[in-house]
Amino acid sequence: MCTTLIVPGLNGSPPGHWQDHWLRDDPTAKLVDQDDWQCPVLEDWLTRFETALAGAEEAYVVAHSLGCLLIANMASRPLATRIKAALLVAPASLEKVEALHPCIVRFGSFPALTLPFPSLVVGSTTDPYMDAEEVAGTAGLWGSELVNLGAVGHLNIASGFGRWPQGYALFERLIRPTSFALDHSERLVSTKTEQVA
121 MCTTLIVPGL
131 NGSPPGHWQD
141 HWLRDDPTAK
151 LVDQDDWQCP
161 VLEDWLTRFE
171 TALAGAEEAY
181 VVAHSLGCLL
191 IANMASRPLA
201 TRIKAALLVA
211 PASLEKVEAL
221 HPCIVRFGSF
231 PALTLPFPSL
241 VVGSTTDPYM
251 DAEEVAGTAG
261 LWGSELVNLG
271 AVGHLNIASG
281 FGRWPQGYAL
291 FERLIRPTSF
301 ALDHSERLVS
311 TKTEQVA
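Numbered per this note's numbering, the sequence shown spans residues 121 to 317.
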């Protein structure tokens with residue numbers, strides 16, 4: 121059976137976040153926990169992710185924000201062969217992370233290798249952590265398909281993303297290659313049916 125690994129970003133995904141809902145909605149999903157959510161160090165986070173990956177025969181990955189960069193850093197690592205596909209939601213620019221959270225994140229340089237597994241980058245036109253042009257460039261750099269949801273912020277609780285049915289639909293399109301025919305220019309409009317207060 122293929123495990124779904126949920127990979128949050130800086131500060132984790134608190135109760136009410138769409139990743140928190142995903143963990144409760146999907147019996148195959150497991151959180152990749154970290155020792156330090158507040159001051160991430162790339163090598164520490166990679167160790168925890170690879171431990172989780174080593175415990176799975178194969179895995180789908182659902183990552184958010186800085187978690188997307190963690191997954192992109194797996195590109196040249198041996199255990200990347202266990203990743204079947206990755207949904208990469210609202211990746212973060214390290215420069216913008218540093219500007220918004222000075223001296224907190226130690227994640228090296230931005231990962232620039234093509235990912236050796238199918239991936240879908242989901243972005244926004246109003247994300248404070250990565251603008252639309254950067255999102256498109258990142259998807260191209262990683263060899264990922266791209267979906268831009270429009271003006272929906274960082275796809276987190278603050279931007280109204282509680283349970284996120286569209287995320288499940290995008291995930292299904294990703295893991296079923298016969299139906300995964302997104303064009304790089306395709307733009308989906310967000311349909312957030314459940315928001316948080």
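Virtual Cβ for every residue (Gly too), placed ideally from N, Cα, C. Small disclaimer: the values here were computed from a predicted structure and weren't measured.
According to DSSP, simplified to helix, strand and coil, what is residue i?
{"i": "residue 176", "result": "coil"}
{"i": "residue 203", "result": "strand"}
{"i": "residue 234", "result": "coil"}
{"i": "residue 141", "result": "helix"}
{"i": "residue 126", "result": "strand"}
{"i": "residue 279", "result": "helix"}
{"i": "residue 182", "result": "strand"}
{"i": "residue 293", "result": "helix"}
{"i": "residue 226", "result": "strand"}
{"i": "residue 214", "result": "helix"}
{"i": "residue 255", "result": "helix"}
{"i": "residue 149", "result": "strand"}
So, is residue i buried or exposed, given that buried needs 16 or more other C-beta atoms within 10 angstroms?
{"i": "residue 121", "result": "exposed"}
{"i": "residue 303", "result": "With a pLDDT of only 40 at residue 303, under the threshold of 50, the placement of this residue in the model should not be trusted, and no figure is reported."}
{"i": "residue 124", "result": "buried"}
{"i": "residue 226", "result": "exposed"}
{"i": "residue 287", "result": "buried"}
{"i": "residue 156", "result": "exposed"}
{"i": "residue 260", "result": "exposed"}
{"i": "residue 128", "result": "buried"}
Pick from the options: whose alpha carbon is nearest that of residue i?
{"i": "residue 257", "options": "217, 212, 196", "result": "212"}
{"i": "residue 150", "options": "225, 226, 168", "result": "168"}
{"i": "residue 318", "options": "240, 233, 231", "result": "Nothing about residue 318 can be read from this structure; the chain reaches only from 121 to 317."}
{"i": "residue 196", "options": "221, 171, 236", "result": "236"}
Taking the Cβ atom as the reference point for each residue, do residue i and residue j lie within a distance shorter than 8 angstroms?
{"i": "residue 182", "j": "residue 291", "result": "yes"}
{"i": "residue 144", "j": "residue 176", "result": "no"}
{"i": "residue 238", "j": "residue 186", "result": "no"}
Stretch pair the stretch 255-271 + the stretch 133-147: three plus CB contacts closer than 8 angstroms: Under the Cβ criterion (8 angstroms, minimum of three pairs), the stretch 255-271 does not count as touching the stretch 133-147.
Inter-stretch contact at 8 angstroms, needing at least 3 Cβ pairs: the stretch 156-167 / the stretch 187-198: The count of Cβ pairs closer than 8 angstroms, one atom from the stretch 156-167 and one from the stretch 187-198, reaches three, so the stretches are in contact.
Stretch-stretch touch, CB-based, cutoff 8 angstroms, three pairs: the stretch 244-251 with the stretch 215-229: The stretch 244-251 makes contact with the stretch 215-229, as at least three CB pairs between them are under 8 angstroms.
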